[in-house]
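S.K.:
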Amino acid sequence: MWERVPYKQMTRIQLQQAELTCVVDFVKPAFSFTDTPGRVFDFLIEALGEFGSTSNDLQFEEGEPEERGVICLVDSLDATVTVRGDRLEIEFSKFASTNAGEADGLLEKLKSGLTTLIVGQRLGMHSLTFDLHSEILDSAYKATLERLVPRPRVLPAATESAIIYFLPEEPEKGYGESSVLFSRSDVIERGLQVSAILTYNGDVLKSTVISAAWYRLLQLLRSLEFEYVED
Numbered sequence: 017m018w019e020r021v022p023y024k025q026m027t028r029i030q031l032q033q034a035e036l037t038c039v040v041d042f043v044k045p046a047f048s049f050t051d052t053p054g055r056v057f058d059f060l061i062e063a064l065g066e067f068g069s070t071s072n073d074l075q076f077e078e079g080e081p082e083e084r085g086v087i088c089l090v091d092s093l094d095a096t097v098t099v100r101g102d103r104l105e106i107e108f109s110k111f112a113s114t115n116a117g118e119a120d121g122l123l124e125k126l127k128s129g130l131t132t133l134i135v136g137q138r139l140g141m142h143s144l145t146f147d148l149h150s151e152i153l154d155s156a157y158k159a160t161l162e163r164l165v166p167r168p169r170v171l172p173a174a175t176e177s178a179i180i181y182f183l184p185e186e187p188e189k190g191y192g193e194s195s196v197l198f199s200r201s202d203v204i205e206r207g208l209q210v211s212a213i214l215t216y217n218g219d220v221l222k223s224t225v226i227s228a229a230w231y232r233l234l235q236l237l238r239s240l241e242f243e244y245v246e247d
C-alpha cells in the first residue's frame, strides 16, 4: 500500500524582470576572423535581416583579440548579438518564456551561418545565464529561503540567507557543470533573485537549447517547491 505523502504548499513567485545571456564557445578560436569585420557585418545582416536588423544596428568593438568583436542589435527580441574570435554571445534584456522559441530561432540561425562562414569551425559548450527577479506572493523573503537553508540558532533572528546549488555534469543528457543561486533581489523590494548558469554540450543537445534550458530551470524550481504564476 502506498504511503501518503504530506501535501506541501508551493511558494508562488511572479516574474518581474528576466535577462538571459547565451554564450557559445568556438572549439578552435579564430581571432583573425574579426580582423576583417566586413565579412562579419555581411554575415550578420544576412542572418538577422529577417528579425528586422539593418546595417544601422551594426558596430565594431575594439580591444584585445579576445574582446574584439562585431555587435548587432536585434530590437524585435530586445537582444544584442556579438561575434568574437572565440565565441558567440547573445544577450536578451527582456527574456520571457513566451519568446523562448524565437530566441532559439535566432540562435540556430547564427550557429548555422557561423559554421559555414568559418570553414571547419565547430561549436563547443553552450552556457546560458538566467537572471530572474520575482515578487514572492505568499511569504517573506526570509521565510522563503529558510525553507531551503534554516538559520543556525547562533545567528541573530533577523539573519537572512542566500544559497547556491552546484549541479554536477550529466554527460548522457549533454549537461555540463551548472549552478543556481537564490538571493534577495536588488531590483524588487523584498523580492527573490534566481541566478542560474546552465551549461550544455552542443554536440549532444543539437537544437532548441534555450527552450530546453528554460524548461529545465522551471522544473528545478518546481522541485524546490517554487511555482511561477502569470500576471
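Quick note, the working numbering runs 16 ahead of the 1-based positions in the sequence shown.
Cβ coordinates follow ideal geometry from the N, Cα and C atoms, glycine included.
Per DSSP, what kind of secondary structure is valine 39 in: helix, strand or coil?
M.R.: The answer is strand: DSSP assigns valine 39 an E or B state.
S.K.: What does a CB cutoff of less than 6 Å around valine 99 pick up in its chain, not counting 5 residues either side in sequence?
M.R.: Cβ within range, chain order: Val56, Gly85 and Val86.
S.K.: Any heavy atom of the ligand SAH inside 8 Å of the beta-carbon of glutamine 209?
M.R.: For the structure depicted, the ligand SAH is absent and the ligand set is empty, with no information on it obtainable.
S.K.: Name the two residues that bound the continuous beta strand (DSSP E) containing leucine 104.
M.R.: Taken as a continuous stretch (DSSP letters only), the beta strand (DSSP E) holding leucine 104 covers 103-108.
S.K.: Determine the extent of the alpha helix (DSSP H) in which aspartate 120 is found, giving its start and end residues.
M.R.: 116-133 is the span of the alpha helix (DSSP H), which, as asked, contains aspartate 120.
S.K.: Just confirm the distance between the C-beta atoms of valine 165 and isoleucine 179, as a whole number of angstroms; I'd bet it's less than 8 Å.
M.R.: Going by Cβ atoms, the distance from valine 165 to isoleucine 179 rounds to 5 Å, so yes, they are a contact pair.
S.K.: Thinking just about the alpha-carbon of each residue, which of Tyr231, Leu214 and Arg200 is nearest to the one in proline 145?
M.R.: The residue asked about is misnamed: residue 145 is threonine in this sequence, not proline. Per the Cα distances, Leu214.
S.K.: Please return the same chain residues whose Cβ sits closer than 6 Å to the Cβ of valine 40, not counting the five positions on each side in sequence.
M.R.: Excluding sequence neighbours, valine 40 sits near Leu104, Leu139 and His142.
S.K.: So, under 8 Å CB-CB, threonine 27 and threonine 160 are touching, yes? Tell me the CB distance rounded to an integer number of Å.
M.R.: At roughly 6 Å, the Cβ-Cβ gap stays under 8 Å, so threonine 27 and threonine 160 are in contact.
S.K.: Give a yes or no on contact between the segment 145-158 and the segment 202-220, applying the rule of three or more CB pairs nearer than 8 Å.
M.R.: Yes, the segment 145-158 touches the segment 202-220.
S.K.: Which residues bound the alpha helix (DSSP H) around glutamate 162?
M.R.: Per DSSP, glutamate 162 belongs to the alpha helix (DSSP H) from 157-162.
S.K.: Does the distance from the CB of isoleucine 106 to the CB of alanine 46 come in under 9 Å?
M.R.: For isoleucine 106 and alanine 46, no; Cβs fall outside 9 Å.
S.K.: Alpha carbons only, please: which of Thr50, Glu62, Phe59 and Val90 is nearest the one belonging to glutamate 78?
M.R.: The candidate whose alpha carbon is nearest that of glutamate 78 is Thr50.
S.K.: Are there 16 or more other CB atoms within 10 angstroms of the CB of aspartate 120, so buried, or fewer, so exposed?
M.R.: Looking at its Cβ environment, which holds 16 or more other Cβ atoms inside 10 Å, aspartate 120 is buried.
S.K.: Am I right that serine 199 and leucine 183 are in contact with their C-beta atoms under 8 Å? What's the rounded C-beta distance?
M.R.: Actually they do not touch by this definition, with Cβ atoms about 17 Å apart.
S.K.: Of all the CB atoms in chain D, is at least one closer than 9 Å to the CB of serine 201?
M.R.: In summary, chain D is missing from the structure at hand, where a single protein chain is found.
S.K.: Please name the residue or residues paired with threonine 72 in a DSSP beta bridge.
M.R.: Looking at the sequence shown, residue 72 is not threonine but asparagine. Paired residues: none, contrary to the question.
S.K.: State yes or no: is the C-beta of glutamine 30 within less than 9 Å of the C-beta of tyrosine 244?
M.R.: Yes.
S.K.: Runs of 3 residues minimum, wholly inside the segment 145-203: which ones carry the beta strand (DSSP E) assignment?
M.R.: Segments of the beta strand (DSSP E) lying fully in the segment 145-203: 179-183 and 194-200.
S.K.: Tell me whether the beta-carbon of alanine 95 lies closer than 9 Å to the beta-carbon of tryptophan 230.
M.R.: Contact flag unset, no.
S.K.: Can you tell me whether threonine 50 is helix, strand or coil according to DSSP?
M.R.: Helix.
S.K.: Once the 5 residues before and after leucine 233 are set aside, which same chain residues still bring their CB inside 7 Å of it?
M.R.: Counting only Cβ-Cβ distances below 7 Å, and skipping sequence neighbours, we find Phe146, Ala212 and Leu214.
S.K.: Short of 6 Å in beta carbon distance, which residues of its chain neighbour tyrosine 157, apart from the five on each side in sequence? Order them along the chain.
M.R.: Closer than 6 Å at Cβ, skipping near neighbours: Arg200 and Arg206.
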